[in-house]
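Novice: Supplied in C-alpha cells, the structure appears directly below.
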Amino acid sequence: MNITSTNADAVSMRLTVSVEENDYKAKVTEDLKKIGRTHQIPGFRKGHVSLKDLERRFGKQVTSDVINQVVYEAVIKYIQDNKLNVLGQPMPVEVKELDLKNQKDFTFEYDLALAPELNVEVDKNIEIPYYNIEVSDEMVSEQDAAFRKRFGAQVPGEEFEKDALVKGAIMQLNEYGSIKEGDDAIQVVSGILAPMYFTDKDEAAKFEGKKVGDKVVFNPRKAAGENITELSSMLNIDKERVAEVQGDFEMAISEIIVVKPAELGEEFYTNVFGKDKVSNEEEYRAAVKELIHDELAGNSDMLFRWNARKVYMEKYGDMQLPAEILKKWLASRNEGMTAEQVEEEYKRMEADLKWQLVLDQIVSKLGVKIEKEDLLEFAKGLAARQFAQYGMTNMDDETITKYAENILADKNYIGRIQEQVGEVKTFNALKEAVTLKEENVTLDQFKEVASKL
C-alpha cells in the first residue's frame, strides 16, 4: 500500500491511497474463515464450509468491507505518524462501488481539513480587562437579613407578612359568592397556605395586610398555576376531582405563622459558618462580606473569560479554515441536511471552532492538566453548594467529601465536571500569565458592562 499527499493550500490536504491485492487478500481470507467457523450456513455443518463456497457466498461483501477498513486504518495511521492536526474526519473524495470482478488494485482519495498553524502568545504583553465587584454595606445587610430569616424561628403573628404561612378553614363558594353547601362542597377545616409560592402573584396579593380573624376570597386554580398536584394538596382532594375546581374559595384566617429572625450570637454564627469560625458581630459581617465577594468573583471570572475570548479573537481570529471540507464533513454527519442548512450550520460553528483552536494553544502553552485532586475539590464545591441550598452551610468535610465522591462516580456528570474543571484551571492560569487591566466596579456597573457583551 502506498500513500502520497498533496496540499491544495495551508489547511487542505489530499491523500491518495494505492491498494494492491496483497494488501487485503490475507485479511479477506481470515474473515471468510471466521464466518465459516461462527455462522450457521444452510446446507452445511457449522465449521465445515469450504473456502470456495464462502468466497462464492460472501466474497464480494467481505472483500469490499476489508478494503475500506484497511484503507481507512492506513489513512488514520498516516495522520498519526505525521502528527497532522485534522479537523473533523478524513472525507472520501468520491464514494463508489468497487468493481471487484474486473479489478484487484484500487486507488482512493481522501481530503483532510487541517487546523491552521497559529503562534498564540500567552504572556504579559496580552492585556485583558478584569472587573472586581465591590461589596457594599447594603449587600452585607441584605445577606445578613437572609441568614437571620433562614435560621430564624416560626412564631405566631398578628398580621400577614410576605413569607408567612396562613392557617384556617377553606370553603368553596357558589356562583353567588356564598359558602357552597351539600355533599359535593369542598371544605378544608384545617387548611394551610403559603402565598409566597403562589404562581399568580395577584392571588398572593389578596393576603397582604390581613390579620387573624379576617377572611380572604381567592382562586385556588389560579394560585396553583394549573398544577394538579399542588391544587389537590391545597384543597385536600383527590386529583380526579381537581378538574371541577374552577371558582373562588374563602379562607377564614385562624393563625398566621411568621419567621422571627435569628438573634446574633454563638448559635447563629455556628449555624451560618460552622463552629468557632466567627465569635462576634464584627467578624460575622467581615465573613459575610468575604462570602459575597467569593460568590461575585465567579461573575468576574465569567466576564474575564468573555473578554479573553474577545481579545484573543481580535488578535488571532482572522485565520484560514478549510471551509469546503468542513461543510462536506457536516453534511456527512447530518443525513438529509440541505446545502442551505449546511451553510447555516457552518456559519454557526465557525466562530466557536476558531476560538477552540486558539484555546487549545492557550491550554498547551499554559501546560494545564486535570488531576484527580482537582476533580474532587470541584465536586466538593458542588456538594457544599447543594447542602447550602437546604440551609446546611456548616457540613463537616468528611460528609462533603463522601458526597463529592458519589458525584464523581456518576457517569452522567463526570464528563461535564472534567470540562468545567479544565475551563476553571485554564482561565485561572491565564489570569496569572497575562496582564489584567483591573477595575473596581459596583454591582450595577458590572451588570451594565456585562450586558454589552
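All residue numbers for the sequence shown refer to the working numbering, where the first residue is 1280 and numbers rise by one. Here a beta-carbon is modelled for each residue, glycine too, at the ideal position from N, C-alpha and C. For clarity, every value in this text was computed on a predicted model and none was experimentally measured.
The alpha helix (DSSP H) with Arg1316 in it runs from where to where?
Specialist: Locating residue 1316 in the sequence shown gives position 37, counting from the first residue. 1304-1317 is the span of the alpha helix (DSSP H), which, as asked, contains Arg1316.
Novice: Can you give me the C-alpha to C-alpha distance between Pro1321 and Asp1332, rounded to a whole angstrom?
Specialist: Locating residue 1321 in the sequence shown gives position 42, where the first residue counts as 1. Locating residue 1332 in the sequence shown gives position 53, where the first residue counts as 1. If I take the Cα positions, the gap works out to 12 Å.
Novice: Closer than 8 Å by C-beta to Lys1539: which residues in its own chain qualify, once you throw out the five before and the five after it? Chain order, please.
Specialist: One-based indexing of the sequence shown puts residue 1539 at position 260. Excluding sequence neighbours, Lys1539 sits near Gly1431, Ala1432, Gln1433, Val1434.
Novice: Report buried or exposed for Asp1723, applying the criterion of at least 16 other Cβ atoms within 10 angstroms of its Cβ.
Specialist: Position 444 of the sequence shown holds residue 1723. So Asp1723 ends up on the exposed side.
Novice: Check for me: the beta strand (DSSP E) holding Glu1545 runs from which residue to which?
Specialist: On the sequence shown, residue 1545 is found 266 positions in, with the first residue counted as 1. No beta strand (DSSP E) contains Glu1545, which is instead part of the alpha helix (DSSP H) from 1545-1552.
Novice: Using three-state DSSP, classify Asn1453 as helix, strand or coil.
Specialist: Taking the first residue of the sequence shown as 1, we reach residue 1453 at position 174. If DSSP states are grouped into helix, strand and coil, Asn1453 belongs with coil.
Novice: Since Ile1407 contacts Ala1587 with CB under 8 Å, what's their CB separation in whole angstroms?
Specialist: Here residue 1407 corresponds to residue number 128 of the sequence shown, with the count starting at 1. Here residue 1587 corresponds to residue number 308 of the sequence shown, with the count starting at 1. Right, the Cβ-Cβ distance comes to about 5 Å (below 8 Å), so this counts as a contact.
Novice: Taking its Cβ as the centre, do 16 or more other Cβ atoms sit within 10 Å of Leu1732, making it buried, or is it exposed?
Specialist: Locating residue 1732 in the sequence shown gives position 453, counting from the first residue. Result: exposed.
Novice: Roughly how many whole angstroms lie between the Cα atoms of Met1418 and Phe1725?
Specialist: As a working note, residue 1418 is residue 139 in the sequence shown. As a working note, residue 1725 is residue 446 in the sequence shown. So the alpha carbons of these two residues sit roughly 15 Å apart.
Novice: For Asp1597, write down the residues that DSSP places opposite it in a beta bridge.
Specialist: Within the sequence shown, residue 1597 is the residue found at index 318, counting from 1. Answer is none; Asp1597 lacks a bridge partner.
Novice: Provide the residue span of the beta strand (DSSP E) that contains Glu1717, from first to last.
Specialist: As a working note, residue 1717 is residue 438 in the sequence shown. Per DSSP, Glu1717 belongs to the beta strand (DSSP E) from 1714-1720.
Novice: Kindly identify the DSSP beta-bridge partner or partners of Thr1705.
Specialist: Locating residue 1705 in the sequence shown gives position 426, where the first residue counts as 1. Paired residues: none, contrary to the question.
Novice: What number of angstroms, rounded off, separates the C-alpha of Ala1708 from the C-alpha of Asp1580?
Specialist: Stepping through the sequence shown from its first residue, residue 1708 is reached at position 429. Stepping through the sequence shown from its first residue, residue 1580 is reached at position 301. Distance between the alpha carbons of Ala1708 and Asp1580: 12 Å.
Novice: Pair every Cβ in the region 1467-1486 with every Cβ in the region 1546-1554, then say whether three or more of these pairs are closer than 8 Å.
Specialist: At 8 Å Cβ cutoff, the stretches do not touch.
Novice: Below 8 Å, can you find three or more Cβ-Cβ pairs linking the region 1363-1380 to the region 1565-1574?
Specialist: No: the two stretches stay apart, fewer than three of their Cβ pairs being nearer than 8 Å.
Novice: Just checking my contact of Glu1388 with Thr1283 at CB under 8 Å: how many whole Å lie between their CB atoms?
Specialist: Looking up residue 1388 in the sequence shown gives position 109. Looking up residue 1283 in the sequence shown gives position 4. Their Cβ separation, rounded to whole angstroms, is 10 Å, which puts Glu1388 and Thr1283 out of contact at 8 Å.
Novice: Thinking C-beta only, is Asp1653 closer than 8 Å to Lys1704?
Specialist: For the purposes of this step, residue 1704 is taken as the residue at position 425 of the sequence shown. For the purposes of this step, residue 1653 is taken as the residue at position 374 of the sequence shown. Yes, the pair counts as a contact, with Cβ atoms nearer than the cut-off.
Novice: Using 8 Å as the cut-off, can you tell me whether the region 1514-1534 makes contact with the region 1485-1501, which would need three or more C-beta pairs spanning the two stretches below that distance?
Specialist: The answer is yes - the region 1485-1501 touches the region 1514-1534, with three or more Cβ pairs under 8 Å.
Novice: Asp1603: which of Gly1367, Lys1312, Asn1361 sits nearest, CA to CA?
Specialist: As a first step, residue 1603 must be located in the sequence shown, where it is residue number 324. In the sequence on display, residue 1603 carries Glu and not Asp. Measuring from the Cα of Glu1603, the nearest candidate turns out to be Gly1367.
Novice: List the endpoints of the continuous alpha helix (DSSP H) containing Gln1665.
Specialist: Taking the first residue of the sequence shown as 1, we reach residue 1665 at position 386. Its alpha helix (DSSP H) spans residues 1651-1668.
Novice: Assess, as a yes-or-no matter, whether the region 1441-1461 is touched by the region 1552-1559 under the definition of 3 or more beta carbon pairs within less than 8 Å.
Specialist: No: the two stretches stay apart, fewer than three of their Cβ pairs being nearer than 8 Å.
Novice: For the 8 Å Cβ check, are there 3 or more pairs between the region 1503-1517 and the region 1410-1427?
Specialist: No, because fewer than three Cβ pairs between the region 1503-1517 and the region 1410-1427 fall closer than 8 Å, the two stretches do not touch.
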